[in-house]
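To start, the structure itself, in structure tokens.
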Amino acid sequence: MTLDLHGIVVNAGLEHVTIHNGTIDTISGIGIVINEGCSDITIENMTLMNCVQGGIYAQGTQDNPILSSQFSNLVCQHNNGDPENYGDYTNLYSPLGGHFTYVEKFTIKNCKFIANQTVNNEQNAYGCLL
Numbered sequence: 014m015t016l017d018l019h020g021i022v023v024n025a026g027l028e029h030v031t032i033h034n035g036t037i038d039t040i041s042g043i044g045i046v047i048n049e050g051c052s053d054i055t056i057e058n059m060t061l062m063n064c065v066q067g068g069i070y071a072q073g074t075q076d077n078p079i080l081s082s083q084f085s086n087l088v089c090q091h092n093n094g095d096p097e098n099y100g101d102y103t104n105l106y107s108p109l110g111g112h113f114t115y116v117e118k119f120t121i122k123n124c125k126f127i128a129n130q131t132v133n134n135e136q137n138a139y140g141c142l143l
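In our numbering, the protein residues as written are 14 to 143.
Here it is as structure tokens:
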């Protein structure tokens with residue numbers, strides 16, 4: 014399997030994007046990546062599980078934040094940060110359900126962040142990191 018394979022990537026600067034009613038399961042990267050400068054992004058009714066590097070990652074920057082976004086009815090579960098399952102024995106990722114950096118004017122509603130941790134708990138683990 015390929016390491017760093019993400020499920021869905023929203024490229025920088027995109028507007029009015031909706032992703033809903035799906036499941037991303039057992040991938041070596043991040044379930045959903047939202048890049049800097051995006052706005053009016055809606056992610057709803059999604060299950061993100063067994064993603065090695067995390068469930069959802071919204072990465073704006075100070076100069077290009079992610080604006081006016083909604084995240085609702087998400088289940089981020091067992092995103093375990095264990096790349097050994099994909100033949101990578103050198104990198105360990107801090108497991109996380111959701112990571113939101115430089116995201117402004119956003120809502121997280123009815124989301125579950127469940128058991129996002131490594132088996133041996135050697136890395137920091139987060140349900141949702143803001």
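By construction, the Cβ of each residue, glycine as well, lies at the ideal position given by its N, Cα and C atoms.
Where do the ends of the beta strand (DSSP E) carrying residue i lie?
{"i": "A71", "result": "67-72"}
{"i": "S52", "result": "52-64"}
{"i": "E117", "result": "116-122"}
According to the neighbour-count rule (16 or more other Cβ atoms, all chains shown, within 10 Å of its Cβ), is residue i buried or exposed?
{"i": "N93", "result": "buried"}
{"i": "V22", "result": "exposed"}
{"i": "C124", "result": "buried"}
{"i": "G110", "result": "buried"}
{"i": "H112", "result": "buried"}
{"i": "L143", "result": "exposed"}
{"i": "N129", "result": "buried"}
According to DSSP, simplified to helix, strand and coil, what is residue i?
{"i": "H19", "result": "coil"}
{"i": "D76", "result": "coil"}
{"i": "M14", "result": "Low per-residue confidence applies at M14: pLDDT is 49, beneath 50, and the placement is therefore not dependable, though the value from the model is reported in the following sentence. In the structure shown, M14 sits in coil (DSSP, three-state: anything other than H, G, I, E or B)."}
{"i": "C141", "result": "strand"}
{"i": "N34", "result": "strand"}
{"i": "S41", "result": "coil"}
{"i": "Q130", "result": "coil"}
{"i": "N24", "result": "coil"}
How about residue i: is its Cβ closer than 7 angstroms to a heavy atom in the ligand MG?
{"i": "N58", "result": "Within the structure as shown, the ligand MG is missing, as the structure has no ligands at all."}
Shortest alpha-carbon distance to residue i belongs to which of the options?
{"i": "K122", "options": "V30, I45, M59, E28", "result": "M59"}
{"i": "G26", "options": "C89, N129, A128, S52", "result": "S52"}
{"i": "I47", "options": "Q90, V116, I40", "result": "V116"}
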